[in-house]
Structure formats: C-alpha cells, structure tokens
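Numbers in this note's numbering are just positions in the sequence shown, counted from 1, shifted up by 35.
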Amino acid sequence: MKTVLPVRALLVLQLFLVAPLAFGDSDKSLRIVSWNISGDSFVTRPNDFLAVLKFMQPQVLLLDEVSPSAGEAALLQVLIAVDPSDNRPWNIEFGLSGGRQRNVIASRLHVESVEEFSQVVPYPQPARQRIENRMDPGDNQASRYGMEGGIPVHGAIVHDGDRRLLVVSMDLQCCGGADDDWQEYRRRIEAREIRTLTDRALARTRADGLVLAGDFNAVGTPVPRLLLSGHYRIRNSHLRAVRIFHIDGVSDWTWDGRGTPFPSSDLDGQYYSRHSLHVTASYIFDSEDMDAQTLAEFGLQLITSSLLSNHRPLVVDYAWK
C-alpha cells in the first residue's frame with residue numbers, strides 16, 4: 036500500500052534532498068542516481084523522463100538495461116533540458132558490453148574512460164559452458180544468445196574536484212532463485228567478473244572512492260551481492276550497501292511486481308567504499324509517493340514512474356570523508 040505524504044513533509048523533502056547541489060564542490064554532497072530503465076524511455080517518453088530528472092537533479096546518472104538502439108543523442112537532448120541555464124556539456128559514456136542491455140554513465144563533471152570497461156566484457160568460456168549445461172532444452176535461446184554481447188556492465192571515473200570516483204553500473208541476470216538454477220549461477224559469474232575488473236582498475240589507477248550500482252536481481256542467494264561487496268586487500272574495495280527507502284520511510288522495494296506473479300522487491304541497489312565516502316541522504320523515487328501539489332509543480336503524474344519502468348530510481352547523496 037502506498038503512503039502519500041502531506042504537503043508539509045514533501046516540502047521538507049524538497050529542501051533536504053531535491054534542491055540542486057553545487058557541481059564539483061568537494062565540500063558538498065555528490066548526488067548519484069542509478070536506474071534500470073528497462074529499454075529506451077528517454078526516447079519513447081522524453082517528457083516524463085525529463086520531469087523525473089528535474090525532480091531528482093542527478094549529478095551522476097547511472098542507467099542500466101538500456102537498449103542499444105536508444106542513442107546518445109536522444110539522451111543528451113533530455114539531459115540538456117534538465118537545467119538549460121547550465122552551459123557545461125554533459126559527458127556521456129555508453130557502454131559497449133551487455134548486448135541488448137547496456138549501461139550508461141552521464142555527468143556534467145569530467146568523466147574518464149576506464150580501460151577495463153571500455154570494451155565488451157566476455158563471459159569466461161569455461162563458466163559460460165557450465166551456464167549453458169545447466170539450462171534445460173526448453174530454455175529460451177535468447178538467454179544463450181544474450182551472452183554473446185558480454186556481461187552488462189560499464190565503468191568510468193568521475194572527477195569531483197580533485198577527487199576521483201570510480202563508478203560501475205551493471206545489470207545482473209534476472210529470475211531463477213534456487214542455489215542450483217542456471218540464472219543464479221550466471222549472476223555469480225557476472226558478479227565475480229565485475230569485481231575482478233573493478234579490483235584490477237583500482238590497482239592500476241588512482242581512485243579515491245568507489246560506487247557500484249545497478250540491478251542486482253537479488254532473487255536467489257546473497258552470494259552475488261557478497262561477491263560485489265568485495266575484498267579487504269585493496270584500498271577502497273570493501274563496500275557497504277546503501278540502506279534506502281521510499282519517502283514513507285518504510286517501503287524499500289525498487290522493482291514493482293504488481294500485475295506479476297512475483298512480489299515487489301528490492302532488486303536494485305548501490306554499494307560504496309565506506310572508508311572514503313559516507314551517505315548524507317537517500318531515497319527511492321516513486322511518483323505515486325507524491326501529493327497532487329508536488330506532482331503539478333514538477334509536471335508529474337501519479338503513474339509517471341510506472342510509465343517509464345517497473346524499476347524505481349535510487350537517489351543517493353554522498354560526501355567525501
């Protein structure tokens with residue numbers, strides 16, 4: 036059941052969370068928004084997509100499960116409209132790996148490519164063969180073909196003043212659940228490879244902090260999340276999960292299961308390097324949580340979130356330690 040907050044509470048929310056922050060000021064929070072858009076909503080529903088971005092005011096935008104046909108130009112057109120008075124260019128990295136499910140990193144801060152993520156990230160052949168061996172003959176051939184495009188992940192370094200933040204966006208395999216399901220096994224392989232590349236990047240180049248974000252599809256065991264949270268042997272590599280809620284302070288689902296056989300669940304998340312960053316504010320955006328006055332002010336409708344994706348964006352403000 037949704038909780039609609041009174042106008043007064045929403046005004047407090049807007050002052051505390053939504054007010055635009057100074058970009059590139061290391062003394063201020065850095066707002067990172069991660070969102071599984073499940074396709075190309077910035078192409079098919081640009082006005083709704085823009086209205087949500089205007090509310091969230093991201094400084095770093097991480098999109099996952101983006102259709103490769105959704106071009107960079109279409110996204111750029113929407114991003115420019117978030118704040119037309121800001122003439123700094125948006126820097127967009129459209130990931131190459133993931134086949135039909137790509138990851139995108141966008142920011143007005145300087146974005147530096149990371150060689151570990153600047154190409155298709157393949158499934159290791161022995162592991163890929165084991166995944167296919169676990170599939171039933173009736174499993175969708177698209178699942179097998181989907182591995183041709185590589186693991187859905189992309190990473191880059193965002194320059195926040197003199198700080199360098201490695202951000203990695205991903206979309207792990209969906210569905211399954213049991214310990215021996217091929218989907219769960221594939222999630223583990225994806226998480227392991229992503230952490231391996233992340234650790235390799237941390238060892239090779241300077242990064243003052245790390246954020247991993249995306250759709251973890253955590254419907255099975257906690258193992259994929261544990262693999263992502265990392266090791267202790269490399270600086271900034273041991274990560275903490277952001278504990279995040281809708282603005283009612285109770286609901287924590289990020290995927291809307293209404294109309295499906297499955298319950299709404301917290302499939303999406305963000306992890307951060309606890310030794311270098313701390314969370315100053317966070318919330319899960321959902322237009323259904325807003326009252327009529329707030330919806331009208333931002334050009335939103337109650338159904339806007341549902342029109343854009345079954346997943347809800349995560350809005351997290353970080354500050355450097």
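Built from N, CA and C at the ideal position, the CB exists for glycine as well.
Item to check | Cα-Cα separation between Q431 and G185, rounded to whole angstroms | outcome: Residue 431 lies beyond the range of the chain shown here (36 to 356); nothing can be said about it.
Checklist entry - If V156 and E219 are in contact, beta carbons under 8 Å, what's the gap, nearest whole angstrom? => result At roughly 20 Å, the Cβ-Cβ gap does not stay under 8 Å, so V156 and E219 are not in contact.
Item to check | Cutoff 7 Å; reference G292; Cβ partners in own chain excluding five residues on either side | outcome: P298, S299, S300
Checklist entry - In the DSSP assignment, what are the bridge partners of H189? => result S204
Next on the checklist: The alpha helix (DSSP H) that contains T315, what's its start and end?
Outcome noted: Here T315 belongs to no alpha helix (DSSP H); instead the beta strand (DSSP E) covers 312-319.
Checklist entry - Taking buried to mean at least 16 other C-beta atoms within 10 Å of its own C-beta, is I338 buried or exposed? => result exposed
Checklist entry - Looking only at DSSP bridge pairs, what is R123 linked to? => result Partner(s): none; R123 has no beta bridge.
Next on the checklist: Suppose contacts are defined by Cβ-Cβ distances below 7 Å. Is D321 in contact with D99 by that definition?
Outcome noted: no
Item to check | R9 burial status per 10 Å Cβ neighbour count (16 or more: buried) | outcome: Summary: the structure shown does not reach residue 9, with the chain confined to residues 36 through 356, and so no result is reported for it.
Next on the checklist: Can you give me the C-alpha to C-alpha distance between H281 and Y318, rounded to a whole angstrom?
Outcome noted: 5 Å
Checklist entry - What alpha helix (DSSP H) runs, 4 residues minimum, are completely inside the stretch 106-157? => result For the stretch 106-157, the continuous alpha helix (DSSP H) assignments of 4+ residues that do not extend past its boundaries occur at 107-117, in sequence order.
Checklist entry - Nearest CA to the CA of R235: which residue from G334, E107, F152? => result F152
Checklist entry - What runs of the beta strand (DSSP E), each 3 residues or longer, lie entirely inside the stretch 227-268? => result 244-250
Next on the checklist: Would A108 and L335 be called neighbours here (beta carbons separated by less than 7 Å)?
Outcome noted: no
Item to check | Where N82 falls: helix, strand or coil (DSSP) | outcome: helix
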